[in-house]
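Its first residue numbered 2, the sequence shown is counted upward by one per residue in my numbering. All C-beta atoms, glycine included, are put in the ideal place defined by N, C-alpha and C. Below is one structure, written out as structure tokens, with a few remarks after it.
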Amino acid sequence: MIGDRVEVVIDTGTGSAQTFEIEATRAGRRVDVTQGRGVVEVAEVTRTGHQVRVGRFMASRVIAIVEHPAAEPPGADEAPRRRTRRAEQDEKLL
């Protein structure tokens, strides 16, 4: 969803930390976080699953991963409106 954002805080090894941000920049994209084999991967992914931007970090250097979900639009918590039924026609169409 546009606006999804993930911050990754990394230990640089010099006593300081560096922050990286990956954000879903367009509608329909999301940010996925995966971890495996000592690597943390944060990727912006399209609806079809293609990775657009990827950040790979050594898991031993990652201090924190902060996920910021997109704000929901106003009225999103309301029940969806149902369509009314079409009126039946008395006469048949030619």
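| task | May I have a chain-ordered list of the alpha helix (DSSP H) segments no shorter than 4 residues that lie completely inside the stretch 8-70? | result | none
| If we ignore side chains and look at the alpha-carbon of each, how far apart do Q19 and V43 end up? | 15 Å
| query | Whose C-alpha, out of R48, V46 and R57, is nearest the C-alpha of R38? | reply | Looking at R48, V46 and R57, the one whose alpha-carbon comes closest to that of R38 is R57.
| said: Just to confirm before moving on: does the CB-CB distance between V41 and A60 stay below 8 Å? | reply: yes
| message | Please report the distance separating the alpha-carbon of D12 from that of F21. | response | 11 Å
| task | Please confirm whether V10 and A65 have their CB atoms less than 8 Å apart. | result | yes
| query | Taking V55 as the reference, which of Q36, S17 and T15 has the closest Cα? | reply | The option with the nearest alpha carbon to V55 is Q36.
| task | Measure the C-alpha to C-alpha separation of V34 and A28 and round it to an integer number of angstroms. | result | 18 Å
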